[in-house]
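Trainee: After the structure tokens below, expect a handful of questions from me.
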Amino acid sequence: HGTNCLGLMAGFDPGNLIGPAYEASIILAKTEYVPTETRAEEDNYAAALEWMESLGVQITTSSLGYNQFDGGVGDYPWSSFDGQTTITAKAIDLAFQRGVTTLTAAGNERANSWGKIITPGDALNVITVGAVDFTNKIASFSSPGPTYDGRIKPEVVAMGVTDYVSNTSGKYNYGNGTSYATPITAGIAALLKSAWPHLTNQQIRKIFLESGDNATSPNNDRGWGLISAKRVVAYPNLEKVNSEYKLHKIIINDVGVDSSSVQMIINVPTYFAWDPVVVPLSYEGSSKYSYTFKDLPVGHQIQIQFSYKTKNGIAVHEPASGGSYKFYWGNLIISNILENNLDEIPTDFNLYQNYPNPFNPSTTIKYSVSKPGLVQLKVFDVLGREVATLVDEYKEAGTYNLLFNVETCRGKSLPSGIYFYRLQVGYPSAGSGHGFIQTKKMVLLK
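Take my numbering: the final residue in the sequence shown is number 450, and no numbers are missing along the way.
Right under this line is the structure:
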């Protein structure tokens, strides 16, 4: 099974099989103990992610999943599939918080008694992959969503029916499964990262969803749709260079592109008092173009469109729908079809209630940051005295979980009582009206 998956992702046997990530550097980990199915294998999975992250892994993919175990010992109830309860879902979320792009199979449970996704396919930030056949029809076995808490799954789909796969005998055969759709998708993620090494995992996940062929109407069978390497690589992206933002765009056209004609239309409705600005893009070779934005006030939405002429003089506009790509100054995420609706890119700031509460000695504090900024998370006693600083650094937009342990924080153990934790987010050089502060109460009970 591992050989099948690896070949689909990164194999190189011209005339037989070439995977999309055929020149990638690969780290392999076997976490399954085949004769049994126990929670220990989930522990192995988490340990493998830790090990890979320590080696600098950028993309991880897994073609396995869990819901029931031998003898019913440790079986997960459906309520556990909320993206933050199972061992593997927690492990994937922690890897994502550390910058890793994570992918996993949705599972092959559609036609059996379970009939739903398996974990870690329910994880908040993972790209969960379903399977379709060569006609782009959902496979009869591909596990559907939603998650227990109502999120759409899978994120995308890829070919997972009658895939041509390598095996350990050195030959080839055909196979089915979301296990095979997933490494193809992971290979496309590697192509994207190879084309644009600066991309964050948040940007990659966003680009994947925006580039699906079902992005206008995502559902719990196909998610945001069939993944396309061409659409993914050609989607515009941003890179922060010092205090400026550099836009990158690949222009792909079968007829060929007149590079001197490529231009971008920029509009900032809430800031510009004049008509949209038209600027040429700089050609960097290999179908790549760029433009560097100068300072604009934080929080303003920038709208962009692209136009060019083909070698035979035909005018082309992107997006073709007549809409625009959009991003907020200070945020690296570009939207086209999907505006602020991804789990890992929150629509607003939020400080959640800690859990467990009351607690002893540790509790998890979750918070969401909708725009990049300086994040401070501090703990105070009932007299208003600061007892701990948990976060004090610049954070990209995202949702974060932090473990607060009173016995290890600053080497101090706090007494029982009521404490307050406060989230404060500010923007460098931001004027009034920009920022966020929220405070919640928690109880330490010894």
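Just so it is clear, CB atoms sit at the ideal spot from N, CA and C, and this is done for glycine as well.
Once DSSP output is grouped into helix, strand and coil, what is the label at Ser311?
Mentor: Residue state, collapsed to three classes: strand.
Trainee: To the nearest angstrom, report how far apart His5 and Arg226 are at their CA atoms.
Mentor: Looking at the two C-alpha atoms, the distance is approximately 24 Å.
Trainee: Please report the straight-line C-alpha distance between Gly75 and Thr42, rounded to a whole angstrom.
Mentor: If you take the alpha carbons of Gly75 and Thr42, they lie about 9 Å apart.
Trainee: Please return the same chain residues whose Cβ sits closer than 6 Å to the Cβ of Thr89, not counting the five positions on each side in sequence.
Mentor: Hits under 6 Å: none found.
Trainee: Give the secondary structure of Tyr239 by DSSP, where H, G and I count as helix, E and B as strand, and everything else as coil.
Mentor: Tyr239 falls in the coil class under three-state DSSP.
Trainee: Who are the Cβ neighbours of Thr220 in its own chain at under 8 Å, not counting the five residues just before and after it?
Mentor: Closer than 8 Å at Cβ, skipping near neighbours: Ile341.
Trainee: I think Trp306 touches Met268, with their Cβ atoms under 8 Å apart; what is that distance to the nearest whole Å?
Mentor: One point to set straight first is that residue 306 is Ile, not Trp, in the sequence displayed. That belief does not hold up - the Cβ atoms of Ile306 and Met268 are roughly 11 Å apart, past 8 Å.
Trainee: If I'm right that Val395 touches Leu381 with Cβ under 8 Å, what's the distance once you round it to whole angstroms?
Mentor: Right, their Cβ atoms sit about 4 Å apart.
Trainee: Just reading off the beta strand (DSSP E) that Asp385 is part of, what are its end residues?
Mentor: Per DSSP, Asp385 belongs to the beta strand (DSSP E) from 377-385.
Trainee: How many angstroms separate the CA atom of Leu203 from the CA atom of Ala190?
Mentor: Going from the Cα of Leu203 to the Cα of Ala190 covers about 15 Å.
Trainee: Helix, strand or coil for Thr443? Go by DSSP, reduced to three states.
Mentor: Strand.
Trainee: Taking three-plus beta-carbon pairs below 8 Å as touching, is the stretch 146-154 in contact with the stretch 167-174?
Mentor: Too few Cβ pairs lie closer than 8 Å, so no.
Trainee: Of the residues Asn409, Leu336, Glu243, which one's Cα is nearest the Cα of Leu449?
Mentor: Among Asn409, Leu336, Glu243, the Cα nearest to that of Leu449 is on Asn409.
Trainee: Excluding sequence positions up to five away, which residues of its chain have a Cβ less than 6 Å from the Cβ of Ile254?
Mentor: Once the five neighbours on either side are set aside, the close Cβ partners of Ile254 are Val237, Ala238, Ser291, Lys292.
Trainee: With 8 Å set as the bound, which would you pick, yes or no: does the beta-carbon of Ile63 sit closer than that to a beta-carbon of chain E?
Mentor: Here there is only one protein chain, and chain E is not present.
Trainee: To the nearest angstrom, how far is the alpha carbon of Pro240 from that of Val266?
Mentor: One C-alpha to the other measures close to 14 Å.
Trainee: Do the CB positions of Val429 and Val379 come within less than 8 Å of each other?
Mentor: Cβ atoms of Val429 and Val379: closer than 8 Å.
Trainee: Roughly how many angstroms lie between the CA atoms of Val165 and Gly11, to the nearest whole one?
Mentor: In a straight line, the C-alpha of Val165 is about 16 Å away from that of Gly11.
Trainee: Quick check on DSSP: helix, strand or coil for Thr189?
Mentor: Three-state DSSP puts Thr189 in a helix.
Trainee: Can you give me the Cβ contacts of Asn205 inside the same chain, cut-off strictly under 7 Å, excluding the 5 residues immediately before and after it?
Mentor: Same-chain partners within the cutoff: Phe100, Gly103, Val104, Thr105.
Trainee: Do the stretch 245-260 and the stretch 208-220 touch if we need at least three Cβ pairs shorter than 8 Å?
Mentor: Touching, no.
Trainee: Which class does Gly174 belong to by DSSP, given the choice of helix, strand or coil?
Mentor: Gly174 falls in the coil class under three-state DSSP.
Trainee: Could you give the DSSP three-state label for Phe138: helix, strand or coil?
Mentor: DSSP places Phe138 in coil when its eight states are reduced to three.
Trainee: Helix, strand or coil: which one does DSSP assign to Asp258?
Mentor: Coil, per DSSP.
Trainee: Out of curiosity, what's the CA-to-CA distance linking Gly15 and Ala194?
Mentor: Going by the C-alpha atoms only, they are around 13 Å apart.
Trainee: Where do the ends of the alpha helix (DSSP H) carrying Thr97 lie?
Mentor: For the record, residue 97 in the displayed sequence is Asp; it is not Thr. Where Asp97 is concerned, the enclosing alpha helix (DSSP H) stretches over 91-101.
Trainee: Tell me, to the nearest whole angstrom, how far the beta carbon of Ala115 is from that of Val133; I am working on the premise that it is less than 8 Å.
Mentor: Going by Cβ atoms, the distance from Ala115 to Val133 rounds to 18 Å, so no, they are not a contact pair.
Trainee: List the endpoints of the continuous beta strand (DSSP E) containing Glu411.
Mentor: No beta strand (DSSP E) contains Glu411, which DSSP labels as neither H nor E.
Trainee: Would you tell me roughly how many angstroms separate the C-alpha atoms of Tyr80 and Pro284, rounded to the nearest one?
Mentor: Approximately 55 Å between the Cα atoms of the pair.
Trainee: Considering only the alpha carbon of each residue, which of Thr412, Glu411, Leu406 lies closest to Tyr425?
Mentor: Measuring from the Cα of Tyr425, the nearest candidate turns out to be Leu406.
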